[in-house]
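Undergrad: Throughout, our numbering is defined as the position within the sequence shown, counted from one, plus 5.
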Amino acid sequence: MAQQISAELRQQTLETLQTLGETPADEKMILQQSHLLAKLVQLRAANRVMWQGSKLAKAKTTEAKTEIDRLNLGLQGLYYEQRHLRNEINTCKETPTIYHEIALLPEHEFLEINQSAQELSGRDLMLARLAHEKEERLQLEALKKDLVAKKSALIAENKRRKGELESLEGQLQAFVAAAENIQSSFKKY
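#1: Please report how far the alpha carbon of LEU14 lies from the alpha carbon of GLN57, in whole angstroms.
#2: Can you round the beta-carbon distance between ARG75 and LEU109 to whole angstroms, since I take them to be within the 8 Å contact cut?
#3: Does the structure place the region 132 to 148 close enough to the region 110 to 122 that three or more beta carbon pairs sit under 8 Å?
#4: Among GLN8, ILE73, ASP31 and ALA62, which residue has its Cα nearest to the Cα of LEU45?
#5: Using a 10 Å radius around the Cβ and a threshold of 16 neighbouring Cβ atoms, would you call GLN144 buried or exposed?
#6: Is SER172 helix, strand or coil by DSSP?
#7: Report the option in GLN178, SER126 and GLN38 whose CA atom is closest to the CA atom of GLN17.
#8: Using three-state DSSP, classify ASN119 as helix, strand or coil.
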């Protein structure tokens with residue numbers, strides 16, 4: 006639109022300049038000047054509209070750029086948080102836990118014993134292995150207590166018998182000493 010008005014204004018200006026060469030046409034000159042001024046006003050109005058449109062476009066562009074920058078900053082924050090959380094997860098995965106220190110039955114042996122555990126997920130399988138290990142250890146602890154009780158009973162029995170044997174040994178030595186006296190008495194005859 007502004008180009009069209011500018012072209013018309015140029016044409017009108019050229020016509021006005023040609024009319025300047027002709028002196029007697031004052032009315033024609035005034036008419037052309039009024040057309041020229043009207044076109045100039047139109048050009049200025051079009052220029053103002055274009056300038057305002059340009060200003061509005063720049064403002065929208067700046068606003069959109071600011072929004073994009075804000076979104077990019079938020080995205081970078083999310084990437085940073087994602088990296089941080091992945092590092093935390095890796096740290097947690099690499100940190101030895103108490104479960105790594107427990108001497109468990111090897112997985113293939115556990116699966117041979119418990120056929121139903123083959124369908125379990127990794128976590129559930131570990132929980133089943135830990136439960137199995139707990140049961141085994143409780144049974145072994147009960148067996149150990151029984152064996153300790155039997156050992157204590159046997160030690161007490163051995164001490165009692167040892168006491169009896171020591172008593173019998175003392176009696177036997179007394180008997181041997183008496184028998185030696187009797188034997189020495191018989192040797193005299």
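Each residue gets a CB set at the ideal place from its N, CA and C atoms; glycine is no exception.
TA: Looking at the coordinates:
#1: In a straight line, the C-alpha of LEU14 is about 22 Å away from that of GLN57.
#2: Not really, about 52 Å apart at Cβ, beyond 8 Å.
#3: yes
#4: GLN8
#5: exposed
#6: helix
#7: Closest by alpha carbon: GLN38.
#8: coil
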